[in-house]
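I have placed the structure first, in the form of structure tokens, so that the comments after it can refer back to it.
Written out as structure tokens, the structure reads:
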């Protein structure tokens, strides 16, 4: 779900919308009968009663089906979604419904074949209607910046470089596919601290070879250290967060690590990484997989819903240091990306 709005009333509507949709979704999930169209219908029936006579609401709903690589969507008066296919062609997906009002009776859900989509940008009208210093609208350059960007942080940098200030509400959602059909550096290591240190040293050397700057190297190594230690402690040793906190408080954590290291001599962490050329320097991409049971990745929603209440210190460190990270559904594999500047 993605919606646009500006001002106090729009903020209240956005807050109500988020809470309501999450509630309906959780109820459907609990009953194991989630239906995309009914989810939207339940929301529309409620929210149209809350709108004023002359008030309209622009919002887009989307659902991606991994098995069929398709995306169902219902866009109510939102700007056209833009996408880039694997042939580097721009694709525009226009709104298929009028904005929601008191008089909305029905709506349309369409399905997009997403197999050939490389990346997608959903945005509010404020993004393209913001003006540059010379008075031109950003829309003139938005498509070019989107096509040429490597990831969301790269696109955001393009936007910031062009706009002097935000004259209008501006929000966007950027989703892209990580290219994994490359020659990875593939390493498998035991859950030993010295082997983790050896991997970090190798990654540092690889970054030095491409002349990455010192700041980016430090941030990547710190983030990778956190990821690898989590893979050892949680994935191989099976230590949960509560147990770890209690052992640290009692000064018993290091002793337990020594004991578990001796007991887990046949479990490995797999690390794959490569450094690719980018329009703005280079891009570091790494995938780390451990043999553990993983975790409920839905917990990561708290990073957006309630970041101050999120207690995953390691995840917060990774989020701050890197451009993007992605977990698999099981929660035992993470893919990291960071754009790096070179000397």
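Numbering (our numbering), first residue to last: 3 to 345. Note that CB positions come from ideal geometry on N, CA and C, so glycine has one too.
Checklist entry - What's the call for residue 273, buried or exposed, on a 16-neighbour Cβ count within 10 Å? => result Residue 273 should be labelled buried.
Checklist entry - Which residues in the same chain have their Cβ closer than 6 angstroms to the Cβ of residue 338, if we skip the five residues on either side of it in sequence? => result Same-chain partners within the cutoff: 288, 324 and 327.
Item to check | Cβ-based neighbour list, residue 332, same chain, cut-off 6 angstroms, excluding 5 preceding and 5 following | outcome: The residues are 296.
Item to check | Unbroken beta strand (DSSP E) run spanning residue 85, endpoints | outcome: DSSP places residue 85 inside the beta strand (DSSP E), whose first and last residues are 83-87.
Next on the checklist: Going by C-alpha to C-alpha distance, which of 163, 208 and 131 sits closest to residue 171?
Outcome noted: With respect to the C-alpha of residue 171, the residue from 163, 208 and 131 having the closest C-alpha is 131.
Checklist entry - Out of curiosity, what's the CA-to-CA distance linking residue 231 and residue 344? => result Their Cα atoms are separated by approximately 28 angstroms.
Checklist entry - Would residue 222 be called buried (16 or more neighbouring beta carbons within 10 Å of its own) or exposed? => result Buried, because 16 or more other Cβ atoms sit within 10 Å of the Cβ of residue 222.
Item to check | Residue interval of the alpha helix (DSSP H) (run including residue 164) | outcome: Counting along the chain, the alpha helix (DSSP H) containing residue 164 begins and ends at 154-164.
Item to check | Segments assigned beta strand (DSSP E), at least 3 residues, entirely inside the stretch 41-85 | outcome: If we require 3 residues or more, the beta strand (DSSP E) runs fully inside the stretch 41-85 come out as 61-67 and 72-78.
Next on the checklist: Quick check: the stretch 153-166 against the stretch 102-112, are at least 3 beta-carbon pairs closer than 8 angstroms?
Outcome noted: Using a C-beta cut-off of 8 angstroms, the stretch 102-112 makes no contact with the stretch 153-166, since fewer than three inter-stretch Cβ pairs fall below that distance.
Item to check | Candidates 247, 300, 257 and 103: closest to residue 49 by CA position | outcome: Ranking 247, 300, 257 and 103 by Cα distance to residue 49 puts 103 first.
Checklist entry - Which one of 319, 51 and 124 has the shortest CA to CA distance from residue 61? => result Answer by Cα proximity: 124.
Checklist entry - Are the Cβ atoms of residue 86 and residue 120 separated by less than 8 angstroms? => result Going by C-beta atoms, residue 86 is nearer than 8 angstroms to residue 120.
Next on the checklist: If you measure between the beta carbons of residue 1 and residue 193, is that distance less than 8 angstroms?
Outcome noted: Nothing can be reported for residue 1, as the shown portion of the chain is limited to 3 through 345.
Next on the checklist: Which of the three DSSP states is assigned to residue 21 in this structure?
Outcome noted: Three-state DSSP puts residue 21 in a helix.
Next on the checklist: Comparing C-alpha positions only, which one of 173, 180, 140 and 134 sits nearest to residue 152?
Outcome noted: Taking each of 173, 180, 140 and 134 in turn and checking the Cα distance to residue 152, the smallest one comes out for 180.
Checklist entry - With respect to the beta strand (DSSP E) encompassing residue 98, which residues constitute its N-terminal and C-terminal limits? => result Boundaries cannot be given for residue 98, as no beta strand (DSSP E) includes it and DSSP labels it neither H nor E.
Checklist entry - What is the C-beta distance between residue 77 and residue 65, in whole angstroms, given that I count them as a contact (C-beta under 8 angstroms)? => result Rounded to whole angstroms, the Cβ separation of residue 77 and residue 65 is 13 angstroms, and the two are not in contact under 8 angstroms.
Item to check | Any non-hydrogen atom of the ligand FMN within 7 angstroms of residue 331 CB | outcome: You won't find the ligand FMN in this model; it holds no ligand whatsoever.
Checklist entry - Would you report the Cα separation of residue 212 and residue 228, rounded to the nearest angstrom? => result Looking at the two C-alpha atoms, the distance is approximately 23 angstroms.
Checklist entry - In the DSSP assignment, what are the bridge partners of residue 344? => result Residue pairing by DSSP places residue 344 opposite 214 in a beta bridge.
Checklist entry - Quick one: what's residue 285 bridged to in DSSP? => result The bridge partners DSSP lists for residue 285 are 278 and 341.
Item to check | Beta-carbon separation (whole angstroms), residue 187 vs residue 275, contact threshold 8 angstroms | outcome: Confirmed, about 5 angstroms.
Checklist entry - Taking buried to mean at least 16 other C-beta atoms within 10 Å of its own C-beta, is residue 200 buried or exposed? => result Burial is judged here by how many other beta carbons sit within 10 angstroms of a residue's own beta carbon; residue 200 has fewer than 16 and is exposed.
Item to check | Nonlocal neighbours in the same chain, by C-beta distance under 7 angstroms from residue 143, ignoring five residues either side | outcome: 164, listed in sequence order.
Next on the checklist: Strictly by DSSP, which residues pair up with residue 208?
Outcome noted: In the DSSP output, where bridge partners are listed per residue, residue 208 has none listed.
Checklist entry - residue 301: which of 91, 206, 317 and 294 sits nearest, CA to CA? => result Residue 317 is the option with its Cα nearest to residue 301.
Item to check | Cβ-based neighbour list, residue 20, same chain, cut-off 6 angstroms, excluding 5 preceding and 5 following | outcome: Leaving aside the five residues that flank residue 20 on each side, none in its chain has a CB nearer than 6 angstroms to its CB.
Checklist entry - Near residue 294, which residues of its chain fall below 7 angstroms by C-beta distance, leaving aside the five closest residues on each side in sequence? => result So the list reads 236, 237, 238, 240 and 334, once near-sequence residues are dropped.
Next on the checklist: With H, G and I counted as helix, E and B as strand and the rest as coil, what does DSSP make of residue 322?
Outcome noted: Correct three-state label for residue 322: helix.
Checklist entry - DSSP state of residue 312, grouped into three classes? => result Any reading at residue 312 is ruled out, since the residue's pLDDT is 47, under 50, leaving its predicted position unreliable.
Checklist entry - Among 329, 107, 146 and 14, which one has its Cα closest to the Cα of residue 90? => result Closest by alpha carbon: 146.
Checklist entry - Do you know offhand how far residue 84's Cα is from residue 148's? => result Residue 84 and residue 148 have their alpha carbons spaced roughly 9 angstroms apart.
Checklist entry - Bridge partners of residue 232, per DSSP? => result Among the bridge pairs identified by DSSP, residue 232 is matched with none.
Next on the checklist: Relative to the C-alpha of residue 58, which candidate in 80, 280 and 242 has its C-alpha closest?
Outcome noted: Checked all of 80, 280 and 242; the closest Cα to residue 58 is 80.
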